[in-house]
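Structure, as structure tokens:
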Amino acid sequence: MRLPLLPLVAAGLLACARTLAAQEFEPGEIEDNSFLLEEAYNQGAGVVQHVFTFTRPRDGGEREFALTQEWPLGGLRHQISYTVPYVRTMAGEGFGDAEIAYRYQLMQSRVSIAPTLAATVPTGRERVGGGRTGIEGLVPLSLRVTGAVAAHSNAGVHLLRGADGAESTTGVTLGQSVIWLAHPRMNLLVESLWTRDDTDGEIEESLFVSPGVRVRFEVGGAQVVPGLAIPIGVGASHGERQIMLYFSVEHAFQKQR
């Protein structure tokens, strides 16, 4: 799979979404609820988000359940988050490596940018691929294309070292998504995610295009967003298919001034 195909896929998705966007929506209806990509919106002051995801390949291979929490640090500008995965493979099951991330809201307007720096902590078992340390830099960019269409772009690099320090992986990640507000409480989205990893000279690439849907409910003052996506492998990942379940709860943890 050659890299130039990714921008072409993203451009095609954006063009399709433009033709569908006939109505307006109020900003902030459903934000920061993408499945594969990061949206460039930090949590508001006094608001925490809990995200649960479950991913399962069509062939019944490795399954992963993950919990993510996002907390504001004093306000919108700074945010900290952590992710703890639980992995089940043919070799066994157990907790994977945790990730702790800091995100800075550089811009927030029609164009939003929120650079992120994350560290991988070796909390997982080696038999499920854990025990690694690493660092990742990611730049999410979000663009409000029209009143009813938003686009999100991700670009990142990462470095991981194996449990024994003998194996190292460097990689690049690029992502693009288009989101259409089909209804004030329902979004349709298409995400594409490309990764390229170099593990001691061994190159591995993957590319997934993932259609999905997410809906919003208000429950006792909390915003609840369930979603479903079907990541489909193309190019080097041709023939792979997954199902992804998403569930987010966002609520205030302190009184707003």
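Numbers -21 to -1, 1 to 236, taken from mature numbering (1 follows the signal peptide of the UniProt record, and there is no 0), label the letters of the sequence shown in order.
In this text, a Cβ means the ideal position worked out from N, Cα and C, and glycines have one as well.
Every value quoted in this text rests on a predicted model; they were computed, and no experiment measured them.
Since residue i is in the beta strand (DSSP E), which residue starts that stretch and which ends it?
i	result
I9	Note, I9: premise wrong, no beta strand (DSSP E); not H, not E.
P119	T112 to T125
G141	Here G141 belongs to no beta strand (DSSP E), and DSSP marks it neither H nor E.
A97	T95 to V100
A80	A77 to Y83
Once you ignore the five residues that flank residue i on each side, which residues in its own chain have a CB closer than 6 Å to its CB?
i	result
Q84	N21, L55, R56 and A93
S132	L120 and Q155
A134	V118 and L153
V63	L46 and A77
N166	I9, I158, L160 and R193
D11	E18 and Y20
F44	F33 and Y65
residue 239	The requested residue 239 does not occur in the structure, where the chain is confined to residues -21 to 236.
If you run the structure through DSSP and keep just helix, strand and coil, what is residue i?
i	result
E41	coil
R106	helix
S88	coil
G53	coil
E3	Caution applies to E3, whose pLDDT of 39 falls short of 50 and renders its modelled position unreliable; the value that the coordinates give is listed next. Of the three classes helix, strand and coil, the one that applies to E3 here is coil, per DSSP.
E72	strand
Q22	coil
L46	strand
S60	strand
Is the beta carbon of residue i sitting closer than 8 Å to the one on residue j?
i	j	result
G154	V136	no
R195	I9	yes
S185	S216	yes
R140	T112	yes
L224	F74	no
V192	V169	no
R42	R82	no
L15	P210	yes
Y61	E78	yes
A19	S91	yes
E72	Q58	no
G150	D176	yes
Beta-carbon within less than 8 Å of residue i's beta-carbon, same chain only, minus the 5 sequence neighbours each way: which residues are those?
i	result
G200	H230 and A231
V26	P51, E229, H230, A231 and F232
R37	E219, R220, Q221 and I222
E146	R140, T178 and D179
residue 255	With the chain covering only -21 through 236, there is no way to say anything about residue 255.
Output needed for residue i: all residues of its chain with C-beta closer than 7 Å, excluding positions within five of it in sequence on either side, in chain order.
i	result
G23	P51 and L55
A142	P101, E105, G110 and R111
Ignoring anything shorter than 3 residues, give me the beta strand (DSSP E) runs that lie fully in the region 147 to 235, in order along the chain.
Here the runs fully enclosed are 147 to 162, 165 to 178, 181 to 194, 196 to 198, 201 to 208 and 221 to 231.
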